[in-house]
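In the working numbering, the protein residues as written are 136 to 612.
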Amino acid sequence: MVAGEAGGITQHIGAYQVKAPNGSKITFIDTPGHAAFTAMRARGAKVTDIVILVVAADDGVKPQTIEAIQHAKAAKVPMIVAINKIDKPDAKAERVRTELLQHEVQVESMGGDVLDVEVSATKKTNLDRLLEVVGLQSEILELKANPKRAAEGTVIEAKLDKGRGTVATVLVQRGTLNVGDIVLAGAEWGRVRALISDKGEQLKSAGPSTPVEILGFNGAPEAGDRVAVVENEARAREIADYRKNERRDKAAARSSNVRGSLEQMMTQLKTAGAAEFPLVIKGDAQGSVEAIAGALEKLGTDEVKARILLAGVGGITESDVTLAASSNAAIIGFNVRAHKEAATAAEQAGVEIRYYNIIYNLVDDVKAAMSGLLAPELRETMLGNAEVLEVFAVSKVGKIAGCRVTDGRVERGQHVRLIRDKVVIHEGKLSTLKRFKDDANSVVAGQECGMSFENYQDMRKGDVIECYRVESIARAL
Numbered sequence: 136m137v138a139g140e141a142g143g144i145t146q147h148i149g150a151y152q153v154k155a156p157n158g159s160k161i162t163f164i165d166t167p168g169h170a171a172f173t174a175m176r177a178r179g180a181k182v183t184d185i186v187i188l189v190v191a192a193d194d195g196v197k198p199q200t201i202e203a204i205q206h207a208k209a210a211k212v213p214m215i216v217a218i219n220k221i222d223k224p225d226a227k228a229e230r231v232r233t234e235l236l237q238h239e240v241q242v243e244s245m246g247g248d249v250l251d252v253e254v255s256a257t258k259k260t261n262l263d264r265l266l267e268v269v270g271l272q273s274e275i276l277e278l279k280a281n282p283k284r285a286a287e288g289t290v291i292e293a294k295l296d297k298g299r300g301t302v303a304t305v306l307v308q309r310g311t312l313n314v315g316d317i318v319l320a321g322a323e324w325g326r327v328r329a330l331i332s333d334k335g336e337q338l339k340s341a342g343p344s345t346p347v348e349i350l351g352f353n354g355a356p357e358a359g360d361r362v363a364v365v366e367n368e369a370r371a372r373e374i375a376d377y378r379k380n381e382r383r384d385k386a387a388a389r390s391s392n393v394r395g396s397l398e399q400m401m402t403q404l405k406t407a408g409a410a411e412f413p414l415v416i417k418g419d420a421q422g423s424v425e426a427i428a429g430a431l432e433k434l435g436t437d438e439v440k441a442r443i444l445l446a447g448v449g450g451i452t453e454s455d456v457t458l459a460a461s462s463n464a465a466i467i468g469f470n471v472r473a474h475k476e477a478a479t480a481a482e483q484a485g486v487e488i489r490y491y492n493i494i495y496n497l498v499d500d501v502k503a504a505m506s507g508l509l510a511p512e513l514r515e516t517m518l519g520n521a522e523v524l525e526v527f528a529v530s531k532v533g534k535i536a537g538c539r540v541t542d543g544r545v546e547r548g549q550h551v552r553l554i555r556d557k558v559v560i561h562e563g564k565l566s567t568l569k570r571f572k573d574d575a576n577s578v579v580a581g582q583e584c585g586m587s588f589e590n591y592q593d594m595r596k597g598d599v600i601e602c603y604r605v606e607s608i609a610r611a612l
């Protein structure tokens, strides 16, 4: 699965069916294990009957593993632990079992009720044993579904395919789905033109627990939407339109500045001062777009945040470029490209389009760009102190303070504070620094010099002058 994806990391959710040694069929839903794909893992846990938690024997329990455990517990789904990569020399299966105890996952060898299997995916070690354990668990759970009813299921992923139009990967959970059925998923509907299995074969019908690609939707449904068969087109259109309007109203309510509670007003005031980084995101699949939007929103702080104007599936179109141009936004394409007209329009409008195929590169680049919007940090470095011994009035120049440098050094052009009776009475810059009658760049401790300040004349005998340098340091998120 990984071999086909950029960077050798799983970035899409997929569904596959395999035959177990006892002849029964098992459907696997493969979810990415990386940190950005939280929503995909949550969806995977909700639609499955058994969760297989894959933990690398050389890596141990990672933050994503803990999160997957929480998803499985929230969905109240039984778990089987597959300890992978046991063929590696630094593999420690016992360490994995011990680490899982900290997260209330007790495997059988540790006196618990969670089954575990040591496997190696590359060497195919114990994979048949894993399938046996899944079969055993399903028998205990008595998993049954009625195939003689109208089909119901869940959208696992949806994308726009150039030759085939909208393609939705659906897991049928109850009933049987047939070619020609009218289906409704979220705010989209369509007539099933074709059912394609995970091996690319055309099917006439799909029973419970079968993953299929459905062709025929009029638009890409959202991943996680429930799929149901509807009796006729008119009913499907009516429900879809109602849901579309409801979604539009919710989005409008969110974007309008509702006064709301005092707490909401305070939050709005806080975020109103934040610099915004507007983006238009287009991706090849619904789940990936959702993961990217989630990862970018997490980057935000009180000072800077990403504002996603549009997150959609499919190639970059002229309307995307128009939206980006009107909002000074950049366009991000994940595994998709701009149409020829859109690329030309973007060049004319000066809109930047960036293409990515690995989610981490995308997040890192946006993070670096957002860091550029942060105000730099100003750091003071103390240079030295001087004491005013006498003040002279010089014609055409104004007042000059005759000083002795008491410690460190003073430098011309640097920042100074004038302190009288322990109170700072002026902050500014040192405009003139003289040693006898010559200009000097810096004067060190123990030497005497003449100083004058930019736009300030009221120096007095006994005043203390602090000289310091201010450095501007770029900040990062």
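Every residue gets a Cβ at the ideal spot worked out from N, C-alpha and C, and that includes glycine. Predicted model, so just to flag it, every value in this text is computed and none were measured.
- If you draw a straight line from the Cα of residue 160 to the Cα of residue 219, it is about 22 angstroms long.
- In the DSSP annotation of this structure, the continuous segment of the alpha helix (DSSP H) that includes residue 496 starts and ends at 494–506.
- Taking the Cα of residue 320 as reference, the smallest distance to any Cα among 305, 329 and 313 is reached at 305.
- In its chain, beyond the 5 residues on either side, 416, 443 and 446 have a beta carbon closer than 8 angstroms to the beta carbon of residue 428.
- Shown here, residue 564 sits in a strand according to DSSP, grouped into three states.
- Residue 449 sits in coil when the DSSP states are folded into three classes, being neither helix nor strand.
- If you look at residue 236, you'll find it in the alpha helix (DSSP H) that goes 228–236.
- A Cβ-Cβ distance of about 18 angstroms is found for the pair residue 551 and residue 527, leaving them out of contact under the 8 angstroms criterion.
- Listed in chain order, the non-local C-beta contacts of residue 363 below 6 angstroms within the same chain comprise 287 and 319, local neighbours out to five positions each way being set aside.
- Looking at the backbone, the Cα of residue 567 and that of residue 466 are separated by about 51 angstroms.
- Residue 302 is positioned such that its CB atom lies no closer than 7 angstroms to that of residue 341.
- The beta carbon of residue 368 lies closer than 7 angstroms to those of 317 in the same chain, with the five residues before and after it left out.
- In the assembly as shown, residue 295 is a buried residue. Its beta-carbon has 16 or more other beta-carbons within 10 Å.
- Residue nearest to residue 263 within the set 352, 292 and 153 is 153 (criterion: CA-CA distance).
- As computed with DSSP, residue 549 is found in no beta bridge at all.
- In chain order, 186, 203, 206, 207, 209, 210 and 212 place their CB closer than 8 angstroms to the CB of residue 180, counting only its own chain and leaving out the 5 sequence neighbours on each side.
- Inclusion of residue 355 and residue 471 in the CB contact set at 7 angstroms is not warranted, their separation being larger than that value.
- Between the C-alpha atoms of residue 291 and residue 360 there is a straight-line separation of about 8 angstroms.
- Taking all protein chains shown into account, residue 377 has fewer than 16 neighbouring C-beta atoms within 10 Å of its C-beta and is therefore exposed.
- Here residue 323 is buried, its C-beta having at least 16 other C-beta atoms within 10 Å.
- Judged by DSSP secondary structure, residue 346 falls within the beta strand (DSSP E) whose first and last residues are 346–352.
- Under the DSSP assignment, residue 413 falls in the beta strand (DSSP E) whose first and last residues are 410–418.
- In this structure, residue 594 and residue 536 form a Cβ contact; the two beta carbons are roughly 4 angstroms apart against a cut-off of 8 angstroms.
- With a contact defined as Cβ atoms closer than 8 angstroms, residue 256 and residue 231 miss out at about 15 angstroms.
- CA-to-CA, the gap between residue 468 and residue 451 works out to about 7 angstroms.
- By alpha-carbon distance to residue 590, the top candidate from 603, 569, 605 and 564 is 564.
- The three-state secondary structure of residue 219, taken from DSSP, is strand.
- DSSP places residue 323 in the strand class (E or B) of the three-state scheme.
- Residue range 300–309 is occupied by the beta strand (DSSP E) that includes residue 304.
- Distance from the CA atom of residue 435 to the CA atom of residue 500, rounded to whole angstroms, is 14 angstroms.
- By the Cβ-count criterion, residue 344 is buried, with 16 or more other Cβ atoms from all chains shown falling within 10 Å of its own Cβ.
- Among the bridge pairs identified by DSSP, residue 272 is matched with none.
- Fewer than three beta-carbon pairs drawn from the segment 509–523 and the segment 483–490 are found closer than 8 angstroms, and the two stretches are therefore not classed as touching.
- With contacts defined as CB atoms closer than 7 angstroms, residue 549 and residue 602 qualify as a contacting pair.
- Between residue 346 and residue 162, the gap from beta carbon to beta carbon is short of 7 angstroms.
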